[in-house]
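>
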Amino acid sequence: MVDTFANFADPKQEWRRLFSELLGTFFLVLVAAGGGMMGQAFPNTIDRSAAVVAPGLMVMAVILFMGKVSGAHLNPAVSVAFSLRGDFPWRRVPGYIIAQLIGATLAALFLHAVINVSATYGSNYPVAGYSAGSAFLMEAVLTFGLVSVILGTASGAQNIGVFGAIGVGAYIALAGLWGSPISGASMNPARTFGPNLVGTDFTSYWVYVAGPLAGAMLAVGAAWVLRGPGGGRAGSGAAQGDLYTEIEHPDKA
C-alpha cells in the first residue's frame, strides 16, 4: 500500500497532473465554446446569461473533482501567476500550458464534429464597434480579478478549502455577465486558442494572450501587497495539488 502511494506521488508521474489539466480544460472549453456553437445551431435556445454562467459552474466542478491532483489551473495565465507567486515550479509551466492548449483544441474539435457549425462561434473576438485595445483592457481587468480570487483563496491567511471553488466559479460567472459583451470575457488564452485553431481564425488573438497575462501579473503584485511573498504550504498545495508538492518556504503557512 505504501509503495503504491509512493509510486503515485513520484515526481516522475507528472503525466497524471498533465492529464488532469488536459481533461479539466477540455470540460471547461466544452461548455465555454459549446454555448455559442449550440446557440448558432439551435437559435433562441441558449441566451447570453446561460452561456457565460455555464463556464463558471464547470470550473467549480472541475476544481472540486481534480484540484487535488494538479491544482486545476485550466488556464496558462493562472499557471504563470502561480509561478510568479512562488507557489509553482517554473519548469512545470510549459507542460501545463501545452496540456491546456491540447485539451481546449480537443474540445473544439469535438464540438465542431458533433454540432457541425464553425468553432469560431464558440471563440472570443472584440465586438464590432470596439477596438482590440478596448477588448485588451477588459480582458486584463477581468483576469486581474479572477487571478486575485484564485491567489486569495489559495493563501495561508485566507485558505477556505473547497469553498475556493465556489469563489472562483462565481467570479467567472459574474465577470461574464457584465464583461462578455465587449471581449467575450475569456480570461484564458487556452479557452480562446482551441476554437480559434479549429475555426482557423486568429483575429485579434493577441488580445486573449496579452490581456490575461497582464491581468495575472497585476494580480500577483496585488497579492504581494496584501499578503507578502508566496511559496508557503497553503499556496503551494493549492497550486500544485497533493502529488509530491514542492514548497519553496516550508516554514510559511
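In the UniProt record's numbering, the protein residues as written are 1 to 253. Don't be surprised by glycine CBs; every beta carbon is placed ideally from N, CA and C.
(1) Output the distance between the C-alpha atoms of alanine 72 and glycine 24, rounded to the nearest integer angstrom.
(2) With distances taken Cα to Cα, identify the nearest neighbour of leucine 213 among Arg92, Val147, Ser20 and Phe42.
(3) Once DSSP output is grouped into helix, strand and coil, what is the label at proline 94?
(4) Find the nearest neighbour of tyrosine 121 within the set Gly221, Phe27 and Phe202, judged by alpha-carbon distance.
(5) In angstroms, rounded to a whole number, what distance separates the CA positions of serine 186 and arginine 91?
(6) Could you name each continuous beta strand (DSSP E) segment of 3 residues or more that falls completely within the stretch 114 to 156, going from the start of the chain to the end?
(7) Going by DSSP in three states, aspartate 3 sits in which element: helix, strand or coil?
(8) Could you have a look at tryptophan 224 and say whether DSSP puts it in helix, strand or coil?
(9) Apart from the five residues just before and just after glycine 241, which ones in its own chain have a Cβ nearer than 6 Å to its Cβ?
(10) Just the Cα atoms here: how many angstroms apart are glycine 176 and isoleucine 97?
(11) For valine 59, which residues from the same chain have a beta carbon less than 7 Å from its beta carbon, with the 5 sequence-adjacent residues on both sides left out?
(12) Taking the alpha carbon of leucine 142 as the point to measure from, which residue in Leu226, Arg233, Asn188 and Gln40 has its own alpha carbon closest?
(13) Alanine 154 and alanine 239: beta carbons closer than 8 Å?
(14) Could you give the C-beta distance for leucine 111 and leucine 30, rounded to a whole number, given that I count them as a contact under 8 Å?
(15) How many angstroms separate the CA atom of glutamine 40 from the CA atom of phenylalanine 88?
(16) Beta carbon of valine 62, beta carbon of valine 80: below 8 Å?
(17) Taking only three categories from DSSP, how would you classify tryptophan 15?
Result, derived from the coordinates:
(1) To locate residue 72, count along the sequence shown from 1; it is residue 72. To locate residue 24, count along the sequence shown from 1; it is residue 24. Spanning the two alpha carbons is a distance of roughly 7 Å.
(2) Taking the first residue of the sequence shown as 1, we reach residue 213 at position 213. The shortest Cα separation from leucine 213 among Arg92, Val147, Ser20 and Phe42 belongs to Val147.
(3) The residue you call residue 94 lines up with position 94 of the sequence shown. Proline 94 falls in the helix class under three-state DSSP.
(4) Within the sequence shown, residue 121 is the residue found at index 121, counting from 1. Nearest C-alpha to tyrosine 121: Phe202.
(5) As a working mapping, residue 186 is identified with position 186 in the sequence shown. As a working mapping, residue 91 is identified with position 91 in the sequence shown. One C-alpha to the other measures close to 26 Å.
(6) none
(7) Within the sequence shown, residue 3 is the residue found at index 3, counting from 1. In this prediction, aspartate 3 has a pLDDT of 49, which is less than 50 and means its spatial position is unreliable; nothing more can be read from the coordinates.
(8) In the sequence shown, the residue the question calls residue 224 occupies position 224. Three-state result, tryptophan 224: helix.
(9) Here residue 241 corresponds to residue number 241 of the sequence shown, with the count starting at 1. These residues qualify, in order along the chain: Lys68, Val69, Ser70 and Gly71.
(10) Position 176 of the sequence shown, counted from the first residue, corresponds to residue 176. Position 97 of the sequence shown, counted from the first residue, corresponds to residue 97. About 23 Å.
(11) Locating residue 59 in the sequence shown gives position 59, where the first residue counts as 1. These residues qualify, in order along the chain: Leu28, Leu74, Val168, Gly169 and Ile172.
(12) As a first step, residue 142 is located in the sequence shown; it is residue number 142 there, counting from the start. When only C-alpha atoms are compared, the closest one is Asn188.
(13) Within the sequence shown, the letter at position 154 stands for residue 154. Within the sequence shown, the letter at position 239 stands for residue 239. Yes; because the gap between Cβ atoms is below 8 Å, this pair is in contact.
(14) Reading the sequence shown from its first residue, position 111 is the one you call residue 111. Reading the sequence shown from its first residue, position 30 is the one you call residue 30. Right, their Cβ atoms sit about 7 Å apart.
(15) Along the sequence shown, read from residue 1 onward, the residue named residue 40 stands at position 40. Along the sequence shown, read from residue 1 onward, the residue named residue 88 stands at position 88. Those two C-alpha atoms are separated by around 39 Å.
(16) Against the sequence shown, residue 62 aligns to sequence position 62. Against the sequence shown, residue 80 aligns to sequence position 80. No, the pair does not count as a contact, with Cβ atoms beyond the cut-off.
(17) Residue 15 sits at position 15 when you count from the first residue of the sequence shown. Of the three classes helix, strand and coil, the one that applies to tryptophan 15 here is helix, per DSSP.
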